[in-house]
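Asks: Chains as they are written, first to last, in the numbering used here: chain E, 20 to 347; chain A, 5 to 407; chain P, 568 to 828.
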């Protein structure tokens, strides 16, 4: 094999994130295109338990250090700077999530390497490492090539199905000792969210209910699906007016403006006053009994049907998919 | 073409301010207040208003006006002109006193309700409260089967500059009204043009709310745009825009003739009548808009137009003409529904629709752009959307015309 | 606390974005620029800290269309000083901007010595990296991003910072000052500033100008944009047909493909 291609493993709160497997799937393809070996870079403390599922990689580079027990961007960048003195991969994929955000840029800034952010796909073509990137909240797509190597890529979730990057074939492990400087930043504790304490503008997935939910008693159907997505329930004005949900859950001209990754508009007609608050969501899926409802003009996907039938079916379908990898 | 510039100010003009208020004619009138309380009694939110006009005047006389500035209660003033219309002393309440006081209230507010905040930011930045692109303001004209002249593309002199207004440019129901209006202009052979994407909000509701700086910025912009073209008169579908141009802009040098579409079309009634040959079997109740009605006295013109439509039966609501109940959209009210709801106030649009339903009419006819979405929303909330529909007067005229 | 807030103007997506004739950049002729949303939050957080603890807030931005409006508005909201770096070409990348801004901060006397340097956590056009970590690296400051709470402790020369993690979890960090923070959201939404106040500031105060100290970093550019396109907008939803179970299943497949399941 000629050369290496690296994927940084993201793990948090005791689990490998699903995006890691998606990144490994992409990494495997690129490594094969390059004729290079794929290395998973695992930085952590007592993290050996994560190695067995990283089999899509030919090798796992494992650094165990107490300062890596929690993710601090600077420490991750420093560890990679030291690793890059030993090995020179053609490229490095970082998962783009809140957990490691900043580490990729820090590394690129320290070593004057290209950082290509917001990637949805990476490949080796025309003699260079290239990526497809999505900018401006999804409104512009860009094809970008790295002028130097190693090139650092920040990969959005969803580039590949996680199954494609998951393998229990035990990879080789290369373990290194490392001296890491004490960072100026210390994690003191995590704060778990309180039940009911929800800021809908910060959610990645919103399950929005309108008059089609018909009564307060049916809200639990929406709440179940929201929970499966690790998201939250929100509503259009009529539902809030009825008092079925608090004002903090209102979306629209008279409520919050939200830009989640997924907005499920259930039984919402899509009047301009509501659309104003959610039209910038990255993916909008609408369910409504009325094929002519205006919501279908701004949704990306639609189901013409009864919310009260679709919700339980959706919940069941999601449940049956759970299994591959773990989620972040 | 950039956004409304903030630089530059109004040419110096004798403006009434709080400092010179009592020296002005309007201010001297204030001192003749007999504290009768008709203003508070007729105010649609009088029961929740901590400082109705009567009390403001009392505080002013007692040298305690500052106390009013610290109160939020004037956010409940929807600038409906009821107090001013009923005042036995003809004190210029909504016209002069309230905007001046609200300016100070606005500056003293610790936090602005979020919806209002958004609407004002959007109006400053995009020239409309809905965060719609200025470059799409005239997109609706492509849905007509005849062309509409846009002055930026064809700047030759024109008879009528039609100032379309924000809701009627961007909101789907407003666009219905615009199409109907265009059809009427076209049918009457009126020589008209629009500003198209150069048009921005006239700013009246910002002014009525107390956001004087935003009003001034929009005035500067609009005056500059008007001065580029040659036209005889401005006809607007916006009732608040009508007020701004008629009563406020002259202080900035505005000298054009202004009309609102409803009285404008009423003047062409004889030409319109022969064209109204479809019978509409509607019982219609007309809602007097505050600006057009109470403020400017155009009560009969819309009724004449409606009665000219074959098959239309006109029914009056108990509160009509000078005592009509405001839809709640003026003075910033359009963007304060959540705020009012959180305080437990009844939505004025719902109060009005409840009264409309009692007439047994099929249609609520309106002539202000805010009223359509407000009343359609209220009908849905009250569960009456199968009983009544909302139509602008121009929509009904258009419907009654043979295609 | 002396706080420096770095502001950036980005293309406003309310306007339809157009690709330039070269097929690989934005047509900036019709693009309007707006203050990057999380930079607005960074400013708000700085103002809140100033109100609570005293100190000064300085705002710094690169020359760009409509940047003056943003800088005057910042002063009207309470910033003590506004500086503009003049001279850069239009459409600099995030990385180029970071390098220019770091140069200005290092060379301009009034800008060195800030206890907190704040900027938004991410902007919609951060193709070649994020501003906050890049600035942190160039200025030699510790960095924390995705911050939604920031409480400085002047005497201890530290700050307590809250970072957002997935699923609503937050992490509380102790950071030694001076430090760089990428702000995700201020404790309160950015305040409204009455237009009359901004107009008054425009008449009575000035934006200080700093001219571009040096050109780009050696070794640039590090990446090349080959092509820019707009994804096809359909204007109508793709309707999934079938029974509740079938459509639910089809939907799950679509969502899984997008990494949402």
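No residue lacks a Cβ here, since even glycine has one placed at the ideal position from N, Cα and C.
For residue 408/A, count neighbouring C-beta atoms within 10 Å of its own C-beta (all shown protein chains included) and say buried if the count is 16 or more, exposed if not.
Replies: Only positions 5 to 407 of chain A appear in this structure, which leaves residue 408/A out of reach.
Asks: Residues of chain A with a CB under 7 Å from the CB of residue 274/E: which are they?
Replies: Here the neighbours are 342.
Asks: Nearest by alpha-carbon distance to residue 254/E: which of 244/E, 230/E, 236/E, 317/E is it?
Replies: Ranking the options by Cα distance to residue 254/E, first place goes to 230/E.
Asks: Output yes if chain P places a C-beta closer than 8 Å to the C-beta of residue 225/E; else output no.
Replies: Not an interface residue.
Asks: Against chain P, does residue 183/E count as a neighbour if the rule is that its beta carbon must be under 8 Å from one of theirs?
Replies: Closer than 8 Å: no.
Asks: With 8 Å set as the bound, which would you pick, yes or no: does the beta-carbon of residue 225/A sit closer than that to a beta-carbon of chain P?
Replies: No - not a single Cβ of chain P is within 8 Å of the one on residue 225/A.
Asks: For residue 600/P, report the span of its beta strand (DSSP E) as first-last.
Replies: That run of the beta strand (DSSP E) goes 600 to 602.
Asks: Does DSSP classify residue 246/E as helix, strand or coil?
Replies: Residue 246/E falls in the helix class under three-state DSSP.
Asks: Just grab the DSSP bridge partners of residue 778/P for me.
Replies: Beta-bridge pairing links residue 778/P to 653/P.
Asks: Comparing alpha-carbon positions, which option in 339/E, 285/E, 242/E lies nearest residue 232/E?
Replies: Checked all of 339/E, 285/E, 242/E; the closest Cα to residue 232/E is 285/E.
Asks: When burial is assigned at 16 or more other CB atoms within 10 Å of the CB, is residue 696/P buried or exposed?
Replies: Label assigned to residue 696/P: buried.
Asks: Can we say the segment 209 to 216 of chain A touches the segment 576 to 595 of chain P, given the rule of at least three CB pairs closer than 8 Å?
Replies: No, they do not touch.
Asks: Taking 8 Å as the cut-off, does the segment 48 to 68 of chain A touch the segment 298 to 311 of chain A (at least 3 CB pairs, one atom from each stretch)?
Replies: Not touching, per the Cβ criterion.
Asks: Closer than 8 Å between beta carbons: that is the criterion. Which residues of the segment 256 to 273 of chain A meet it against chain P?
Replies: If the cut-off is 8 Å between Cβ atoms, the segment 256 to 273 of chain A has nothing near chain P.
Asks: CA-CA distance, residue 86/A and residue 678/P?
Replies: Each residue's Cα considered, the two are about 56 Å apart.
Asks: Measure the alpha-carbon distance for residue 277/E versus residue 302/A and round it to whole angstroms.
Replies: Their backbone Cα atoms lie some 42 Å apart in a straight line.
Asks: Who does residue 725/P pair with in a DSSP beta bridge?
Replies: The partner list for residue 725/P (beta bridge, DSSP) reads 720/P, 743/P.
Asks: Pairs of beta-carbons, one from the segment 374 to 394 of chain A and one from the segment 662 to 673 of chain P, closer than 8 Å: are there three or more?
Replies: Contact fails: fewer than three Cβ-Cβ distances are below 8 Å.
Asks: Do the CB positions of residue 672/P and residue 616/P come within less than 8 Å of each other?
Replies: The answer is no: Cβ separation not under 8 Å.
Asks: Between which residues of its own chain and residue 767/P is the CB-CB distance below 8 Å, once the five residues before and five after are set aside?
Replies: Closer than 8 Å at Cβ, skipping near neighbours: 643.
Asks: Does the CB of residue 260/E have a neighbour CB from chain A at under 8 Å?
Replies: Yes, residue 260/E counts as interfacial toward chain A.
Asks: Can you check whether the CB of residue 216/A is closer than 8 Å to the CB of residue 107/A?
Replies: Yes, the pair counts as a contact, with Cβ atoms nearer than the cut-off.
Asks: First and last residue of the beta strand (DSSP E) that includes residue 163/A?
Replies: Its beta strand (DSSP E) spans residues 162 to 167.
Asks: Identify each residue in the segment 568 to 594 of chain P for which the Cβ-Cβ distance to at least one residue of chain A is less than 7 Å, and report them in chain order.
Replies: Listed by position along the chain: 581, 582, 583.
Asks: Which runs of the beta strand (DSSP E) fall wholly inside the segment 265 to 306 of chain E and span at least 3 residues, in chain order?
Replies: For the segment 265 to 306 of chain E, whole beta strand (DSSP E) runs of length 3 or above, ordered along the chain, are 281 to 285.
Asks: I'd like to know if residue 73/A contacts chain P, where contact means its C-beta is closer than 8 Å to some C-beta of that chain.
Replies: Cβ-Cβ to chain P under 8 Å: no for residue 73/A.
Asks: Should the segment 127 to 143 of chain A be regarded as contacting the segment 245 to 252 of chain A, the criterion being three or more beta carbon pairs within less than 8 Å?
Replies: No: the two stretches stay apart, fewer than three of their Cβ pairs being nearer than 8 Å.
Asks: Short of 8 Å in beta carbon distance, which residues of its chain neighbour residue 190/A, apart from the five on each side in sequence? Order them along the chain.
Replies: Closer than 8 Å at the Cβ level, and outside the excluded window around residue 190/A, lie 150.
Asks: What does DSSP give as the partner residues of residue 164/E in its beta bridges?
Replies: According to DSSP, which records beta bridges pairwise, residue 164/E is partnered with 149/E, 791/P.
Asks: Exposed or buried, residue 10/A, counting other C-beta atoms within 10 Å across all chains shown (16 or more means buried)?
Replies: The pLDDT assigned to residue 10/A is 26, lower than 50, so where the model puts this residue is not dependable, and the model offers no usable value.
Asks: For residue 252/E, is the classification buried or exposed, using 16 other Cβ atoms within 10 angstroms of its Cβ as the cut-off for buried?
Replies: Result: buried.
Asks: Where do the ends of the beta strand (DSSP E) carrying residue 140/E lie?
Replies: Element bounds for residue 140/E: 134 to 144.
Asks: In whole angstroms, what is the alpha-carbon distance linking residue 48/E and residue 55/E?
Replies: Residue 48/E and residue 55/E: Cα-Cα distance of roughly 10 Å.
Asks: Along chain D, which residues have their Cβ under 8 Å away from the Cβ of residue 139/A?
Replies: Of the chains in the structure shown, none is chain D; the protein chains are E, A and P.
Asks: For the segment 332 to 357 of chain A, which residues have a beta carbon sitting closer than 7 Å to at least one beta carbon of chain P?
Replies: Answer set for the segment 332 to 357 of chain A: empty.
Asks: On the three-pair Cβ rule with 8 Å, is the segment 623 to 635 of chain P touching the segment 736 to 743 of chain P?
Replies: Too few Cβ pairs lie closer than 8 Å, so no.
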